Amino acid sequence: MEKKVILITVDGMRPDGFLACGNPYGAEMMKKGSYTLAGASVVPPVTLPCHLSLFQSVQPVRHGVLTNTYIPPVHAINGLFEQLHNAGKTAAMFYAWEPIRQVSTPKSLTFAEYVWAYALESADTYLTGRMLECIRQYAPDFLFIHMVETDEKGGHDNGWMTQAYLDRISIALDNIRRILETCGDRYEVIVTADHGGHARTHGLDIPEDMTIPMFFFGSDFEPGAQLENVGLLDLAPTIAKLIGVPPAREWEGRSIV
724 MEKKVILITV
734 DGMRPDGFLA
744 CGNPYGAEMM
754 KKGSYTLAGA
764 SVVPPVTLPC
774 HLSLFQSVQP
784 VRHGVLTNTY
794 IPPVHAINGL
804 FEQLHNAGKT
814 AAMFYAWEPI
824 RQVSTPKSLT
834 FAEYVWAYAL
844 ESADTYLTGR
854 MLECIRQYAP
864 DFLFIHMVET
874 DEKGGHDNGW
884 MTQAYLDRIS
894 IALDNIRRIL
904 ETCGDRYEVI
914 VTADHGGHAR
924 THGLDIPEDM
934 TIPMFFFGSD
944 FEPGAQLENV
954 GLLDLAPTIA
964 KLIGVPPARE
974 WEGRSIV
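Each residue of the sequence shown is one higher than the last, beginning at 724 in my numbering.
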């Protein structure tokens with residue numbers, strides 16, 4: 724297919740939080756792209772295990788990371804970044820939670836930028852601007868931005884489904900709107916959460932933690948179509964197929980295109 728892709732993860736965004744945040748762009752997202760409000764996370768629904776499962780398309784029990792502390796694998800699995808690098812593609816990552824860097828191995832990234840989430844009023848908004856500037860200058864084949872403030876400043880600091888949490892989702896949707904309006908004609912754009920949450924935590928095999936919204940925008944995705952049986956493991960195979968690189972042999976998910 725030889726297309727370019729932007730992946731956005733909104734950390735800890737529950738589907739009901741997405742609907743309740745009050746940002747009118749949420750309704751636009753459901754009109755513009757294919758989507759599900761019943762996507763599947765992985766067990767345990769914790770940020771680093773979820774993201775490693777997303778990029779390596781295997782369950783946490785296989786990559787071996789079950790907490791937010793990274794453990795080198797006994798048997799390494801090539802993730803999406805490694806498959807892209809091996810195919811000669813360029814990739815960029817923008818993140819405000821330092822452990823997320825473990826989703827890529829050394830030398831697999833062409834561009835990267837990190838800023839601590841609490842260093843700025845909205846690190847997610849700052850990184851959105853930096854990602855758009857990277858696209859303007861270099862147009863990488865794949866870009867990943869991890870928006871963490873919904874989880875850190877929303878859920879953990881105040882509680883899932885509180886007004887502060889919903890406000891952080893609304894900020895994330897404003898950033899998603901900027902990305903789609905600026906790059907939606909040149910990039911396929913995928914938006915997902917990694918997990919949900921309850922009270923001021925997450926990590927349990929319960930619907931509040933395990934159910935995630937997922938959105939797919941671009942010429943390969945039917946506007947307004949509701950998807951079924953889609954989860955985190957399907958994202959790396961989908962992105963690889965869109966960009967035109969082979970999946971790794973170990974991947975368990977399926978491409979939805």
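C-beta: ideal position from N, C-alpha, C; glycine also.
From a predicted model like this one, the values you see are computed outputs, not experimental measurements.
query = Secondary structure at A916, three-state DSSP: helix, strand or coil?
reply = The sequence position of residue 916 within the sequence shown is 193, counting from 1. Correct three-state label for A916: coil.
task = Give the range of the beta strand (DSSP E) segment to which F867 is assigned.
result = Counting from 1 along the sequence shown, the entry for residue 867 is found at position 144. Where F867 is concerned, the enclosing beta strand (DSSP E) starts and stops at 865 to 870.
ask   = Looking at C-alpha atoms only, which residue of R824, E836, S942, H925 is the closest neighbour of K755?
value = On the sequence shown, position 32 is the one that residue 755 refers to. Just measuring C-alpha positions, the residue of R824, E836, S942, H925 sitting nearest K755 is S942.
inquiry  = Please report the straight-line C-alpha distance between M736 and T915, rounded to a whole angstrom.
reply    = Stepping through the sequence shown from its first residue, residue 736 is reached at position 13. Stepping through the sequence shown from its first residue, residue 915 is reached at position 192. Note on geometry: alpha-carbon atoms of M736 and T915 lie some 8 Å from one another.
key: 8 Å contact criterion, which L730 and F867 should meet: CB distance rounded   = In the sequence shown, counting from the first residue as 1, residue 730 sits at position 7. In the sequence shown, counting from the first residue as 1, residue 867 sits at position 144. L730 to F867, Cβ: 5 Å. Contact.
Alpha-carbon spacing of G762 relative to H918, whole angstroms = For this step, residue 762 is matched to residue 39 along the sequence shown. For this step, residue 918 is matched to residue 195 along the sequence shown. Taken atom to atom, the span from the alpha-carbon of G762 to that of H918 is near 10 Å.
ask   = Tell me which same chain residues have a C-beta within less than 8 Å of the C-beta of W839, skipping the five on either side of it?
value = On the sequence shown, position 116 is the one that residue 839 refers to. Result list for W839: A819, E821, A846, in chain order.
message = Just to confirm the assignment, what range does the alpha helix (DSSP H) spanning M753 have?
response = As a position in the sequence shown, residue 753 is number 30, starting the count at 1. In this chain, the alpha helix (DSSP H) harbouring M753 covers 748 to 755.
request  = Helix, strand or coil for L742, going by three-state DSSP, please let me know.
outcome  = Looking up residue 742 in the sequence shown gives position 19. When secondary structure is reduced to three states using DSSP, L742 falls in the helix class.
inquiry  = So, for G802: in the same chain, excluding its five sequence neighbours on each side, which residues have a beta-carbon less than 6 Å away from its beta-carbon?
reply    = The residue given as residue 802 occupies position 79 in the sequence shown. Taking C-beta separations shorter than 6 Å and ignoring five residues to either side along the sequence, the partners of G802 in its chain run F778, Q779, following chain order.
task = Between the Cα of P795 and those of W883, L855, V733, T828, spot the shortest distance and give me the residue it belongs to.
result = Numbered from its first residue, the sequence shown carries residue 795 at position 72. Answer by Cα proximity: T828.
request  = Work out the CA separation of D957 and I823 for me, nearest whole Å.
outcome  = The residue given as residue 823 occupies position 100 in the sequence shown. The residue given as residue 957 occupies position 234 in the sequence shown. Those two C-alpha atoms are separated by around 19 Å.
task = Output the boundary residues of the alpha helix (DSSP H) element that contains P930.
result = Start at 1 with the first residue of the sequence shown, and residue 930 comes out as number 207. Element bounds for P930: 930 to 933.
ask   = Is the Cβ-Cβ distance between E973 and I800 less than 8 Å?
value = For the purposes of this step, residue 973 is taken as the residue at position 250 of the sequence shown. For the purposes of this step, residue 800 is taken as the residue at position 77 of the sequence shown. A Cβ-Cβ contact shorter than 8 Å links E973 with I800.
ask   = So what's Y758 in DSSP terms, helix, strand or just coil?
value = For the purposes of this step, residue 758 is taken as residue 35 along the sequence shown, with counting starting at 1. Per DSSP, reduced to three states, the secondary structure at Y758 is strand.
message = Would D734 and V871 be called neighbours here (beta carbons separated by less than 8 Å)?
response = Translated into positions along the sequence shown, residue 734 becomes position 11. Translated into positions along the sequence shown, residue 871 becomes position 148. Taking 8 Å as the cut-off, the beta carbon of D734 is found closer than this to the beta carbon of V871.
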